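Notes for the one structure printed next.
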Amino acid sequence: MNPFMAPHQRRRMRIALSWLLVSLVLAAVFLAYAQPALMQQLSEQLWACF
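The sequence shown begins at 1388 in the numbering used here and counts up by one.
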């Protein structure tokens, strides 16, 4: 970020980047659940822990 930006601009930029990060994480989770083989493998690995 530019150190010469006004405080309100920095805050808006931080909020926008936070929303972008949240959206990317949610998209990654959705894509992971869209692949049943991956979900089955992860559930089997989790079950093997017990």
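No residue lacks a Cβ here, since even glycine has one placed at the ideal position from N, Cα and C.
Please read these numbers as outputs of a predicted model, since none were measured by experiment.
- In this structure, the straight-line span from the alpha carbon of Ala-1393 to that of Gln-1422 is close to 44 angstroms.
- Straight-line spacing of the CA atoms in Phe-1417 and Gln-1428 works out to 16 angstroms.
- Assigned with DSSP and collapsed to three states, Met-1426 falls in helix.
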